[in-house]
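In the UniProt record's numbering, the protein residues as written are 1 to 100.
For each residue, glycine too, the CB sits at the ideal point set by N, CA and C.
See structure below.
Structure, rendered in structure tokens:
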């Protein structure tokens, strides 16, 4: 994963609402969720959610598709795995483990 991609993804996840949205979508898997259902489950206004989903989409963390009258959102499992691997590689670079 390129560093600028990681920075963009981590910036998008820096707000709790966005992090929760990605967690929710990751749990739902390939079926995804409609925007209204995401807003309901996160207990936030749909207008607020729309902005957050835009940021997550631009960062490549989620994708969307129109299905009839709804827009269905899904987490991109591959980029989430790459982010995890990116952090893992950083943890290996230090060589020292800091234990309490």
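Checklist entry - Any idea which residues DSSP pairs residue 85 with across the strands? => result Within the chain shown, numbered from 1, the residue matching residue 85 stands at position 85. Answer is none; residue 85 lacks a bridge partner.
Item to check | Buried/exposed call for residue 94, threshold 16 Cβ in 10 Å | outcome: In the chain shown, the residue the question calls residue 94 occupies position 94. Answer is exposed; the Cβ neighbour count stays below 16.
Next on the checklist: Would residue 10 pass as an interface residue toward chain D - the criterion being a Cβ-Cβ separation below 7 angstroms?
Outcome noted: Among the chains of the structure shown, chain D does not appear; only one protein chain is present.
Next on the checklist: Output needed for residue 63: all residues of its chain with C-beta closer than 8 angstroms, excluding positions within five of it in sequence on either side, in chain order.
Outcome noted: Locating residue 63 in the chain shown gives position 63, counting from the first residue. 57, 73, 74, 76.
Checklist entry - Smallest Cα separation from residue 70: which of 24, 27, 23, 37? => result Counting from 1 along the chain shown, the entry for residue 70 is found at position 70. When each option's Cα is compared against that of residue 70, the closest is 37.
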